[in-house]
Amino acid sequence: MFSSSLKSLARTGWAVRPSMAGGLRASPAARRFPSVRPFSATARAASIANKGITFRVFQSPAKYVQGPSAIRDSAQYLRRMGKRAVLITDDIVHQIAGEDLINTLSEFEIKRAAFTGIASVEEVERIKEICLDFKADFVIALGGGKTIDVGKTVTDDLKIEVAIMPTTASTDAPCSANAVLYRPSGDFDRYAFCQRNPYIVIVDTTIIARAPARLLAAGMGDALATNVEAKRARNAPNFGGGMPALIADAICEKCEDILFQYGKQAYEACKVNAVTPALEHIVEANTLLSGLGFESGGLAAAHAIHDGLTSVHGLHHLLHGEKVAFGTICQLVLDGAPTAEIDKYISFLLSVDLPVTFDMMGIPDVTAEELHKVAEIACAPGETIWNMDSVITPEVVFQAILGADIVGREYLSRTGFKQLSTDFDYAVIETRPHVSRSGTVDLLGDLKVQA
1 MFSSSLKSLA RTGWAVRPSM AGGLRASPAA RRFPSVRPFS ATARAASIAN
51 KGITFRVFQS PAKYVQGPSA IRDSAQYLRR MGKRAVLITD DIVHQIAGED
101 LINTLSEFEI KRAAFTGIAS VEEVERIKEI CLDFKADFVI ALGGGKTIDV
151 GKTVTDDLKI EVAIMPTTAS TDAPCSANAV LYRPSGDFDR YAFCQRNPYI
201 VIVDTTIIAR APARLLAAGM GDALATNVEA KRARNAPNFG GGMPALIADA
251 ICEKCEDILF QYGKQAYEAC KVNAVTPALE HIVEANTLLS GLGFESGGLA
301 AAHAIHDGLT SVHGLHHLLH GEKVAFGTIC QLVLDGAPTA EIDKYISFLL
351 SVDLPVTFDM MGIPDVTAEE LHKVAEIACA PGETIWNMDS VITPEVVFQA
401 ILGADIVGRE YLSRTGFKQL STDFDYAVIE TRPHVSRSGT VDLLGDLKVQ
451 A
């Protein structure tokens with residue numbers, strides 16, 4: 001049946017080629033985007049069968065610990081990892097939490113490796129030498145996404161374990177086996193896929209609550225995509241190289257439930273640095289549930305469109321989760337979701353001050369040419385959009401992006417929603433260029449808030 005389907009595609013002038021995402025793509029001999037092939041669900045099924053991908057894979061850290069002042073009690077969880085540890089922190093995070101951590105871990109031999117701020121191959125090699133010279137048993141990565149990515153990559157190369165201690169809940173990266181590397185200039189270099197997940201992730205919610213509330217909201221924007229994307233990626237291999245297990249579906253659904261139930265309340269608590277049950281729930285959803293969900297459940301259009309949006313110059317001020325939030329609306333439009341369903345997501349995003357229109361993202365005058373480029377990047381070979389079991393082309397994605405802005409503007413008009421309720425303006429927060437479906441923003445080290 002599969003071979004006859006492929007032959008019928010060929011007879012209609014469609015070309016077929018392998019996909020890095022695990023399936024096959026097909027396209028008409030093509031006009032506007034000749035290098036991009038639309039996806040065929042039948043062909044993907046054939047490819048998966050040919051590769052023998054019938055097993056289910058679920059992956060996670062060995063241990064996850066979360067709570068107020070959790071870092072102060074971390075010694076009991078780190079003892080099995082050894083006695084000698086290299087602590088990776090940048091200077092500011094070291095002052096905020098690193099010095100206290102070293103005092104807490106008095107029974108360990110700790111050597112600090114000062115993180116320079118760029119998660120580059122050169123930085124990884126430099127810190128590897130520190131670990132080798134110190135004969136480290138394990139590494140502690142304390143900070144934001146770039147610090148964490150260096151810690152993951154260093155320990156993967158050295159075949160030792162890493163303890164991740166994030167200082168923000170701005171994305172779902174800490175629990176994953178993925179990392180992002182940059183060139184010394186700060187430009188995106190490549191993705192690193194580690195052989196295993198971190199041994200332990202310790203999340204101190206006292207520190208998380210002291211970070212800007214915008215970072216927590218961005219984490220919710222990232223996490224909101226988890227279930228929406230996983231539902232469309234169920235027939236594609238996940239980041240572990242197998243098919244999603246049922247537990248991944250359950251985690252993704254629970255992640256979304258927690259966001260809708262506690263997101264707004266947690267956001268308001270974070271504004272006054274309060275560690276409440278709602279904040280605890282959202283930190284867990286952002287960090288653990290979304291992290292397990294995306295890695296074992298799979299990604300789809302929302303993150304692919306995020307990757308395309310990084311090409312728009314006027315969006316460099318937005319955080320990863322803020323772009324993913326808009327990408328989620330694009331995904332829903334692409335899926336043909338009914339208005340009532342899309343309204344539910346838009347209402348939530350607005351409640352935590354996440355953008356749902358071009359204007360709210362700061363690009364009211366974005367051109368069709370720029371959006372076509374976004375769509376083409378989103379449909380690049382190997383992108384997660386090819387995990388979807390429907391026909392995808394750059395033109396289809398372009399129309400969905402336009403549609404997302406339209407439904408956002410229509411919702412604002414229909415409900416009378418006028419403006420963001422935040423105390424900050426997106427335009428006054430600067431971040432380094434970000435080209436990652438998994439990276440986060442270092443607390444203070446990667447974020448500069450202007451007065």
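The numbering of the sequence shown is the UniProt record's numbering, which starts it at 1 and goes up by one.
Every residue, glycine too, gets a C-beta built ideally from N, C-alpha and C.
- Scanning N235, K152, Y191 and E341 for the CA closest to the CA of V86 turns up K152.
- For D335, the uninterrupted alpha helix (DSSP H) segment begins and ends at H320 to D335.
- In the three-state reduction of the DSSP assignment, A250 falls in the helix class, which pools H, G and I.
- Counting C-beta pairs closer than 8 Å gives fewer than three between the stretch 74-92 and the stretch 288-306, which falls short of the contact rule.
- At a Cβ-Cβ threshold of 8 Å, Q59 and S296 count as neighbours.
- Around the beta-carbon of P338, fewer than 16 other beta-carbon atoms lie within 10 Å, marking it exposed.
- Q66 has V203 as its beta-bridge partners, per DSSP.
- In the displayed model, G416 falls within coil according to three-state DSSP, outside both helix and strand.
- The stretch 158-219 contains, as complete alpha helix (DSSP H) runs of 4+ residues, the segments 205-210 (chain order).
- A Cβ-Cβ separation of about 20 Å leaves C175 out of contact with P68 under the 8 Å criterion.
- Going by beta carbons, T357 and D389 fall outside the 8 Å limit.
- Between G293 and A230, the C-beta spacing is below 8 Å.
- The C-beta distance from A173 to C194 rounds to 12 Å, too long to meet the 8 Å contact threshold.
- The beta-carbon distance between V93 and G145, rounded to whole angstroms, is 12 Å. This is too long to meet the 8 Å contact definition.
- Residue V312 holds the alpha-carbon nearest to the alpha-carbon of G362 among V312, G240 and L334.
- Secondary structure note for V86: it is in no alpha helix (DSSP H), and the uninterrupted beta strand (DSSP E) holding it is R84 to T89.
- Spanning the alpha carbons of P277 and T393 requires a straight line of approximately 43 Å.
- Around the beta-carbon of D73, fewer than 16 other beta-carbon atoms lie within 10 Å, marking it exposed.
- Contact between the stretch 272-290 and the stretch 209-223 is present: three or more C-beta pairs spanning the two stretches fall below 8 Å.
- Exclusion of the five residues before and after I202 leaves V65, A70, S74 and M165 as the residues of its chain whose Cβ lies within less than 6 Å of its Cβ.
- In the three-state reduction of the DSSP assignment, K111 falls in the strand class.
- Bridge pairing for V57: P244 [DSSP].
- The residue among W386, I102, V352 and K344 with its C-alpha nearest the C-alpha of N238 is W386.
- Contact between L309 and V374 holds: their C-beta atoms lie close to 6 Å from each other, under 8 Å.
- Put simply, the backbone Cα of G263 is about 29 Å away from that of G98.
- Apart from the 5 residues on each side of it in sequence, L349 sits with its Cβ closer than 6 Å to the Cβ of A325 and V356 in its chain, given in chain order.
- Counting along the chain, A302 sits inside the alpha helix (DSSP H) bounded by residues A301 to L309.
- Pairing K63 with D137 gives a Cβ-Cβ distance that is not under 8 Å.
- The residue from T415, K418, G382 and V366 with its alpha-carbon nearest to that of L402 is V366.
- Note that the stretch 253-260 does not touch the stretch 184-192; fewer than 3 beta-carbon pairs, one per stretch, sit closer than 8 Å.
- Going by DSSP, F294 is part of no beta strand (DSSP E) but of the alpha helix (DSSP H) stretching over S290 to G297.
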